[in-house]
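Residue numbers (my numbering), protein chains in the order written: chain Z, 1 to 115; chain X, 1001 to 1115. Ideal Cβ positions, reconstructed from N, Cα and C, are used throughout, including at glycine. Quick caveat, the model's predicted, so the values are computed rather than measured.
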Amino acid sequence: DTEVTQTPKHLVMGMTNKKSLKCEQHMGHRAMYWYKQKAKKPPELMFVYSYEKLSINESVPSRFSPECPNSSLLNLHLHALQPEDSALYLCASSQARGQGEDTQYFGPGTRLTVL
Amino acid sequence: AQKITQTQPGMFVQEKEAVTLDCTYDTSDPSYGLFWYKQPSSGEMIFLIYQGSYDQQNATEGRYSLNFQKARKSANLVISASQLGDSAMYFCAMRALTGRRALTFGSGTRLQVQP
């Protein structure tokens, strides 16, 4: 089973709202990722958690706040977003092997619209 | 630094025919992995196939095969017997096999399968 789930599928929020995106996997993976994808562009890495610790932050603005409560869950808290933050947000997970393939498996994404 | 180049923004193929999607890469890492993902209009990134830089044989997964030419730094995806459901965006990606877990994606190729 290579399933990563994400909720909600769609989210519309105002610039003053606070919302959260949720990602869950039950594959025993120990690395989890957030990507942002604008239309007709490849995904861009935002954050990486490895063994529940933040290991990569790609200079993401502080209005995006990641959280990894346990090895199966990954949240992305959103606050005071801008219209240009509207995008598809993809979560992924991998085994976190130190070496080797370590394929990332993606969820279906959350389509975010900021008004 | 790593770079992935996909020079075909769009491709057309007739149903049941084979198609090759091009991918070239550049990296200074001595060992690396190459991945292909499919992204239908629904948004989910679906893992298709993996090739390690140290693998002597080209990877195959069902109708997908990877034409890996290390000296030319190319990792082309071959889809045999195209189906209408193959219509999607295809991304080539790579990562170093040690250290940083980030995937570097190419710009993608949109494949349209015609009946």
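Note that the segment 1077 to 1097 of chain X touches the segment 1010 to 1023 of chain X; at least 3 beta-carbon pairs, one per stretch, sit closer than 8 Å. DSSP lists THR7/Z, ASN75/Z as the bridge partner or partners of LYS22/Z.
Under the criterion of beta carbons closer than 8 Å, MET1011/X and LEU1077/X do not qualify as touching, at roughly 11 Å. Contact annotation: the segment 1054 to 1063 of chain X does not touch the segment 1039 to 1046 of chain X, with fewer than three C-beta pairs closer than 8 Å. Contact of LEU1097/X with chain Z is assigned, a C-beta pair being separated by under 9 Å. Under the three-state reduction of DSSP, LEU1097/X is assigned to coil, being neither helix nor strand.
Taking GLN1056/X as reference, the option from GLY1033/X, GLN1114/X, TYR1037/X with the minimal CA-CA separation is GLY1033/X.
Scanning its chain for C-beta atoms nearer than 6 Å, with the 5 sequence neighbours on each side dropped, one finds around SER1107/X the residues GLN1006, in chain order. Taking the CA atoms as reference points, GLU67/Z sits about 15 Å from GLU58/Z.
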